[in-house]
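Residue numbering for the first sequence follows the numbering used here, beginning at 91 and increasing consecutively. The beta-carbon is built from N, C-alpha and C at its ideal position, and this holds for glycine as well. From a predicted model like this one, the values you see are computed outputs, not experimental measurements. Some notes on the structure that comes next.
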Amino acid sequence: MDFLQGLNPQQQDAVSHVDGPLLILAGAGSGKTRVITHRIAHLVRSHRVPGPAVLAVTFTNKAADEMRERVAKLLGDPSPGSRPMLSTFHSFCVRLLRRDGSPLASLRPGFTPAFTIYDEDEQLALVKSIYRNVGLDEKFMQYRAAISRISHAKNHQQTPADFYRQSTDPKTSKLAVVFEQYESRLRQANALDFDDLLLEAVRLLHHDQTTRDLYNRRFEHLMIDEYQDTNRSQYQLMQLLTVRHQNVCVVGDEDQSIYGWRGADIRNILDFEKDYPKARVIRLEQNYRSTKNILESAGAVVAHNLERKGKTLWTEAHSGAKIGLYEAPDAENEALFIADSIERLLAQDPADRVAVLYRTNFQSRQIEEALRRYGRKYLVVGGFSFYQRAEVKDLLAYLKAVASPQDSINLLRIVNTPARGIGKTTVEAVERYALERSLPIWEASGQMMGEKALGARAEAALGAFRALMERLRAEAEGKSVDAVLRAILNESGYRRMLETDPSPEAESRLENINELLNAAAEAAERGEGITEFLDHAALVADADGLDEHAAVSLLTLHNAKGLEFPVVFVAGLEEGLFPHSRSLNAESMLEEERRLCYVGMTRARKRLFLTWARARRRFGGGDLEPSVASRFLKEVPARLTENLSPESRGRQVDLAAERWEVREAAKRNTFTGKTYNSLENIAQFFAERGVAAPRPPAPAPIEPPAPAAPKPVAAPAAAKKTRGCAAGAAVRHPRYGRGTVLRREGEGDDLKLTISFPGYGLKKLIAKFAGIQAEE
DNA sequence: TGATTCTACGGTCTC
DNA sequence: CGTAGAATCA
91 MDFLQGLNPQ
101 QQDAVSHVDG
111 PLLILAGAGS
121 GKTRVITHRI
131 AHLVRSHRVP
141 GPAVLAVTFT
151 NKAADEMRER
161 VAKLLGDPSP
171 GSRPMLSTFH
181 SFCVRLLRRD
191 GSPLASLRPG
201 FTPAFTIYDE
211 DEQLALVKSI
221 YRNVGLDEKF
231 MQYRAAISRI
241 SHAKNHQQTP
251 ADFYRQSTDP
261 KTSKLAVVFE
271 QYESRLRQAN
281 ALDFDDLLLE
291 AVRLLHHDQT
301 TRDLYNRRFE
311 HLMIDEYQDT
321 NRSQYQLMQL
331 LTVRHQNVCV
341 VGDEDQSIYG
351 WRGADIRNIL
361 DFEKDYPKAR
371 VIRLEQNYRS
381 TKNILESAGA
391 VVAHNLERKG
401 KTLWTEAHSG
411 AKIGLYEAPD
421 AENEALFIAD
431 SIERLLAQDP
441 ADRVAVLYRT
451 NFQSRQIEEA
461 LRRYGRKYLV
471 VGGFSFYQRA
481 EVKDLLAYLK
491 AVASPQDSIN
501 LLRIVNTPAR
511 GIGKTTVEAV
521 ERYALERSLP
531 IWEASGQMMG
541 EKALGARAEA
551 ALGAFRALME
561 RLRAEAEGKS
571 VDAVLRAILN
581 ESGYRRMLET
591 DPSPEAESRL
601 ENINELLNAA
611 AEAAERGEGI
621 TEFLDHAALV
631 ADADGLDEHA
641 AVSLLTLHNA
651 KGLEFPVVFV
661 AGLEEGLFPH
671 SRSLNAESML
681 EEERRLCYVG
691 MTRARKRLFL
701 TWARARRRFG
711 GGDLEPSVAS
721 RFLKEVPARL
731 TENLSPESRG
741 RQVDLAAERW
751 EVREAAKRNT
761 FTGKTYNSLE
771 NIAQFFAERG
781 VAAPRPPAPA
791 PIEPPAPAAP
801 KPVAAPAAAK
811 KTRGCAAGAA
821 VRHPRYGRGT
831 VLRREGEGDD
841 LKLTISFPGY
851 GLKKLIAKFA
861 GIQAEE
């Protein structure tokens, strides 16, 4: 097969470049992924480079998976041993440290390749605990701010001592203490945070020549995707992996650099030619994705930036529709406009996929509400993911504590969950003891037991807990992940805690736990052990959860990187929101916001809408605060746009959702769930069980407007059956038997009843599905 | 000690 | 509005 076929001359150039450094400046939609995958196939097939000697690194698992698939197809499904290696930076480093990381022990005391990965929650717990120990509280500095400053320092190769020396104010000096504690507690727990994964891999390759040689021999070619978003350690990693051959090909677009706040250094791409004077530079400037209007608008916006190499994208596509602009009176109306437009567009073209992009996650809520009013299914990418749920994290904490006795943070998380009589005072005493002797909590509690340093009650409770953990550790030997999890669930009392919990959430928590058990069983079938399972849980990203087939996706602009959609809405284009208020002071930050805007706009293939609201509430119950149109809106050339705002059209906005009957339907339709893919969303919960969700009437065609005459909604059938269920009424449930209604919420199909069942406690049920009967 | 209620406060983006 | 931590009561 000829891997150059069907490529334009620049793409062919890039694919056929084999030896030495190569920089591909690939504009949005210029066939970047195609070039990378074809180049890999070309190296393997035409130049006989062994598959495993090619390493390609991306930022998300999703991108890596997609490329892996495409490469496999090009190569005709190679055997596992001959596949090129496609990976994210983080998982590559984890694998390196687990497989070949032992020598790091001489650089990082206590390190073993069985290290634990600490995610954000664990970092947070750690910092909280340090604050307590050194007598600080959040008034000193917010936990997250402290974490981010520590992370920044680490990424700039500062030790706590450096940090302390360079501090100029007392606040920073104090923070240095937190930093020092943070590092030593990580080491004590043999834990690495996300930054460490990269930093320690770099340190190992830097100081250990054997490992460096090994990896330089192993990989003959290195490719890096999204190079504009690499940070310093990723840059060093690149250099260390290519000292021998310099066969490095980086692909990026400085106009799409949007992770400066995370340490991405745009100079990496701007200065690539300085770092590698012999580098070839190839520009891909033909766009294959968007219409001319979309491309030109986005280009006009980003042209306001100074810090760029400058390039002009062009396309053979037709002009297409104009960019739709919508100025809403308030955020609710903006959301309704979006939902309404989506209905119309999907009515025309049901196969199209739509993305609604926003700057901050909280904006999704209102848009979700509007979409629900229309009965439109949607998928929220990001927000609260499965692995962040408390019950899932609890079980993973057990798993980590079982696997790694010195992991104090996870041990503390579960020591009294479920409640087993180890209260605050006991925990504090153990923490103090541990701190004074710099011992892990596990050791400290063991010693305290021996010294009879605790009261009888606390000692009994703690002893029982220690016995539990020891038993679990013994049982875990040689068992599969799911078996270990099941043992934890049963023996710790966690399952019983949820089963006896009368609150309605407990049920969905059990569901989540079952899902976790399934995931564990699947992992075990693939041959994964406990560590691999935990690694996987730590390294999944929100964007990885995107379902390509969902008709409507809601996601942040950051999560939209690398994706494309026929129809795109960018919402909330207001000064202070987008560009975000925190970036208004510095020009460089403002440019990053502008690039973000560029990224969002260039996701669109056919239609692009930009919306903003003249007023918006910051808090749920707060006031409507006025806002000003984003400067980015003014940077879009007027001749390319079409104003869709009600005023400019000389008539009142006719949103179906503002009509009476849709509002009524919406009232009955207020779910409590946050995301479509969450079990909290009742509609989806039942849809998966083959029960149709209650749907508001489909919106009428645009013209002529449907009469808005209020007419009573017929009482749904289910309501009749439950008519007698007023508060205080006696009812019967097929499973729980007799109960008393305490509370009514909603009406019709969505009538929810809170019922007290003797022996089962309180249950919140949806009358329609629960099969409740009024008791005579 | 543990469960429940009360109150104060606050929100970029993410591997 | 949602959450975290404090205060309160059993």
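Note to self: Could you tell me the alpha carbon to alpha carbon distance between K483 and K724, rounded to whole angstroms?
What the structure shows: 45 angstroms
Next item on the list: Measure the alpha-carbon distance for T590 versus P419 and round it to whole angstroms.
Entry: 48 angstroms
Check: Between the stretch 503-521 and the stretch 553-567, are three or more C-beta pairs nearer than 8 angstroms?
Finding: yes
Notebook entry, point to check: By Cβ distance below 8 angstroms, which residues in the same chain neighbour V125 in space, the five residues on each side in sequence not counted?
Noted result: L97, Q101, A104, V105, I114, A116, V341 and L374
Next item on the list: Determine, using beta carbons only, whether N649 and A628 come nearer to each other than 9 angstroms.
Entry: no
Check: Using a Cβ-Cβ cut-off of 6 angstroms (strictly less than) and excluding sequence neighbours within five positions of N223, which residues of its own chain qualify?
Finding: L525
Checklist line | Delimiting residues of the alpha helix (DSSP H) encompassing E290 | finding: F284 to H297
Notebook entry, point to check: Could you give the residue range of the beta strand (DSSP E) that holds I348?
Noted result: Neither: I348 is in no beta strand (DSSP E) and is coded neither H nor E.
Check: Relative to the alpha-carbon of V446, which residue among G568, L489, P656 and E581 has its alpha-carbon at the smallest distance?
Finding: P656
Note to self: If you follow the beta strand (DSSP E) that P656 is in, where does it begin and where does it stop?
What the structure shows: F655 to V660
Check: What three-state label does DSSP hand Q376 in the structure shown?
Finding: strand
Next item on the list: Assign P99 to buried or exposed, taking buried as 16 or more other Cβ atoms, counted over all protein chains shown, within 10 Å of its Cβ.
Entry: exposed
Check: Excluding the five sequence neighbours on either side, which residues of its own chain have a C-beta within less than 8 angstroms of the C-beta of K228, listed in chain order?
Finding: Lys is not the amino acid found at residue 228; the sequence shown has Glu there. The residues are Y221.
Check: Between L700, S720 and L667, which lies nearest to S735 when the distance is taken from Cα to Cα?
Finding: L700
Checklist line | Which residues DSSP lists as bridging F427, in chain order | finding: None; F427 has no bridge partner.
Check: For A281, which three-state DSSP category applies?
Finding: strand
Check: Which residues share a DSSP beta bridge with L501?
Finding: Note: L501 sits in no beta bridge, so no partner.
Margin query: In the DSSP output, what is W702 paired with across the bridge?
Written below: E417
Item checked: Top-ranked residue by Cα proximity to G662, from E424, V574 and K542 -> E424
Margin query: I need the boundaries of the beta strand (DSSP E) containing H128, first residue and last residue.
Written below: Note, H128: premise wrong, no beta strand (DSSP E); alpha helix (DSSP H) at K122 to S136.
Item checked: Sequence-distant residues of the same chain with beta carbon closer than 8 angstroms to S717, five excluded per side -> E664, E665, G666, L667, W702, A703, R704, A705 and R706
Check: Quick one, are the C-beta atoms of F867 and I428 less than 9 angstroms apart?
Finding: With the chain covering 91 to 866 only, the question about residue 867 has no answer from this structure.
Checklist line | Spatial neighbours of A266 in its chain, beta-carbon cut-off 7 angstroms, leaving aside the 5 residues before and after | finding: P250, F253, Y254 and S257
Note to self: Rounded to the nearest angstrom, what separates N604 and A279 at their Cα positions?
What the structure shows: 29 angstroms
Item checked: Residue from F205, A236 and D209 with nearest C-alpha to K218 -> A236
Check: For the candidate residues D92, N733, F93 and L94, whose alpha-carbon lies nearest to that of Y416?
Finding: N733
Notebook entry, point to check: What are the boundary residues of the alpha helix (DSSP H) that includes T515?
Noted result: K514 to E526
Checklist line | the stretch 329-338 contacting the stretch 294-311, beta-carbon criterion three pairs below 8 angstroms | finding: yes
Note to self: Rounded to whole angstroms, what is the Cα-Cα separation between V470 and P367?
What the structure shows: 44 angstroms
Margin query: Between which residues of its own chain and Q456 is the CB-CB distance below 7 angstroms, once the five residues before and five after are set aside?
Written below: A421, E422 and A425
Item checked: Three-state class that DSSP yields for P530 in the structure shown -> coil
Notebook entry, point to check: Residues in its own chain within less than 8 angstroms of I372 by CB, not counting five upstream and five downstream?
Noted result: Q100, D103, A104, H107, L112, L113, I114 and L115
Next item on the list: Could you pull out every residue in the same chain whose Cβ sits closer than 8 angstroms to the Cβ of E386, ignoring the five residues on either side in sequence?
Entry: P727 and L730
Next item on the list: Output the distance between the C-alpha atoms of R576 and E549, rounded to the nearest integer angstrom.
Entry: 27 angstroms
Check: Under the three-state reduction of DSSP, which class applies to N98: helix, strand or coil?
Finding: coil
Check: Can you name the residues that DSSP bridges to P716?
Finding: A705
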